[in-house]
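Peer 1: Taking full-length UniProt numbering, the leading residue of the sequence shown gets 1, the next gets one more, and so forth. The beta carbon of each residue, even a glycine, is placed where N, CA and C say it ideally should be. Before I ask anything, let me first share the structure, which is written out below as structure tokens.
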Amino acid sequence: MSEGYGRVSGVTPDSTPDRAPLRSWLPGFVLLAAIWGSSFLFIKIGIRELHPLYVTLGRVATGALTLLVVLAVLRDRLPRDRRLWLHLTVVAAFGVALPFTLFGYGEQRIPSMLAGIWNATTPLVVLPLAVLVFRTERLTTRRAVGLGLGFAGVLVVLGVWQGVSGATFTGQLMCFGAAACYGMAIPYQKRFVAGRAESGLALSAAQLLLATVQLAVVAPLVAGAPPAPAALSWDVVASVLALGALGTGLAFVINMHNIRLVGASAASTVTYLIPVFAVLIGAVALDETPTWHQPVGALVVLLGVAVSQGLLRWPRRAATTTAAAPAVPTVASRN
């Protein structure tokens, strides 16, 4: 779908292949985190001269073109099923067009590094919707504890003890809304799109094409006519092209490579590195400085995500025995 957890991808298998050598996947893993972490910088630069809707339109159109080229090189093709295209229309709206645009609106009000931190909250929204709405997951004690920790971290990031109002608060809500859109799109895709015979590359290219059409209709109605490309500075044009070609096109190919090497679950842990790169790049390139509670809250959020996804577990109790009955080996159940 996008930065972080919510990225454009039709790849949903949770298989775990044989463990690949570290050197075969770690460079791509770190590069992917750097690309998605830098996306918030490019958005910040793009909205200097472009409406957020036109930043998103340029991004998805460039990303769609990039993936279509890759499709042609690999001799793959777009989906043919009409019902699948209807489902992909929903995913394109909630997983691409709307969240990309909300991050743009949000970054008009808050630093890019803070937007990167909010992107990490996506898994906290995915799980409740997957459990309560789409019924693709079940809620366990471990996951409930992780959600509680995560949302406590959200309150710390917001700095609720300081009061919640003003443009900064609105911008943070917009970025959290973007994460919530990803939270809807991911379980929706898992239920209605996962398991298809079409390749993940084809499904993602279709999503970007549909998002391009959606934005091409909405952007002129909301933002008016776009500025002439010649009137834009080179850094704005380059940022929009980088968002599409790198952050949406090349990043998907790298993510596909990582999934094939280490499995979807391990590849998804790139979520934890994206805020780190977003903060570092924002500090170096834009001279942004976070307040103390924002990185602290981000760490609490990531801790909650790690617990809810089973990456951190509490010790299991040892089986107890009595003198009257010998111990019987049992298989410990997972939460």
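Taking the alpha helix (DSSP H) that G159 belongs to, which residues open and close that run?
Peer 2: Counting along the chain, G159 falls outside any alpha helix (DSSP H), and DSSP gives it neither H nor E.
Peer 1: Along the chain, which unbroken stretches of the alpha helix (DSSP H) at least 4 residues long are found entirely within the UniProt domain "EamA" (28 to 158)?
Peer 2: 52 to 74, 82 to 92, 98 to 107, 112 to 119, 122 to 132 and 141 to 158
Peer 1: Taking 8 Å as the cut-off, does the stretch 75 to 83 touch the stretch 232 to 250 (at least 3 CB pairs, one atom from each stretch)?
Peer 2: no
Peer 1: Just the Cα atoms here: how many angstroms apart are G58 and G224?
Peer 2: 15 Å
Peer 1: Skipping 5 residues on each side, what residues in its chain have a beta carbon closer than 8 Å to that of L53?
Peer 2: T101, G104, L215, V218, A219, V222 and A223
Peer 1: Using CA atoms only, rank isn't needed, just tell me which of V157, G95, L208 and S39 is closest to Q189.
Peer 2: G95
Peer 1: Please report the distance separating the alpha-carbon of V90 from that of L210.
Peer 2: When only Cα atoms are considered, V90 and L210 end up about 9 Å apart.
Peer 1: Apply the 10 Å Cβ neighbour rule to R143 and answer buried if 16 or more other Cβ atoms are within range, or exposed otherwise.
Peer 2: buried
Peer 1: Hey, quick one: how far does the alpha helix (DSSP H) through Y188 stretch, first residue to last?
Peer 2: In this chain, the alpha helix (DSSP H) harbouring Y188 covers G166 to F192.
Peer 1: Assuming T121 and A179 form a contact by the criterion Cβ under 8 Å, report the distance between their Cβ atoms to the nearest whole angstrom.
Peer 2: 5 Å
Peer 1: List the endpoints of the continuous alpha helix (DSSP H) containing Q294.
Peer 2: H293 to S308
Peer 1: Give the DSSP-derived three-state secondary structure of A20 in the structure shown.
Peer 2: In this structure, A20 counts as coil in the three-state DSSP scheme.
Peer 1: Which residue comes first and which comes last in the alpha helix (DSSP H) that contains P229?
Peer 2: For P229, no alpha helix (DSSP H) segment is defined, and its DSSP state is neither H nor E.
Peer 1: So, do the stretch 26 to 42 and the stretch 266 to 281 have three or more beta carbon pairs nearer to each other than 8 Å?
Peer 2: yes
Peer 1: Look at the alpha carbon of Y182 and the alpha carbon of R23, and state the distance between them as a whole number of angstroms.
Peer 2: 31 Å
Peer 1: Can you tell me which of M184, L208 and S233 puts its alpha carbon nearest to the alpha carbon of V125?
Peer 2: A check of alpha carbon separations from V125 across M184, L208 and S233 identifies M184 as the nearest.
Peer 1: Between which two residues does the alpha helix (DSSP H) harbouring G200 extend?
Peer 2: G200 to A223
Peer 1: Less than 8 Å between the beta carbons of G146 and S268, yes or no?
Peer 2: Taking C-beta atoms as the reference points, G146 and S268 fail to come closer than 8 Å.
Peer 1: Taking all protein chains shown into account, decide if S165 is buried (16 or more other Cβ within 10 angstroms of its Cβ) or exposed.
Peer 2: exposed
Peer 1: Determine the burial state of Q162: buried for a count of at least 16 other Cβ atoms within 10 Å of its Cβ, exposed for fewer.
Peer 2: exposed
Peer 1: Could you tell me if T66 is buried or exposed, where buried requires 16 or more neighbouring beta carbons within 10 angstroms of its beta carbon?
Peer 2: buried
Peer 1: In or out: A228 buried (at least 16 other Cβ within 10 Å) or exposed?
Peer 2: exposed
Peer 1: From V305 to L232, what does the alpha carbon distance come to, in whole angstroms?
Peer 2: 40 Å
Peer 1: When the Cα atoms are used, what is the spatial distance from G106 to V30?
Peer 2: 26 Å
Peer 1: Alpha carbon to alpha carbon, what distance is there between I259 and G297?
Peer 2: G297 and I259 have their C-alpha atoms roughly 29 Å apart.
Peer 1: Relative to the C-alpha of E198, which candidate in L26, G46 and L88 has its C-alpha closest?
Peer 2: L88
Peer 1: In whole angstroms, what is the alpha-carbon distance linking L302 and P295?
Peer 2: 10 Å
Peer 1: Quick check on the burial criterion: 16 or more other C-beta atoms within 10 angstroms. Buried or exposed for A72?
Peer 2: exposed
Peer 1: With M256 and L201 assumed to form a contact (beta carbons below 8 Å), what rounded beta-carbon distance in angstroms separates them?
Peer 2: 7 Å
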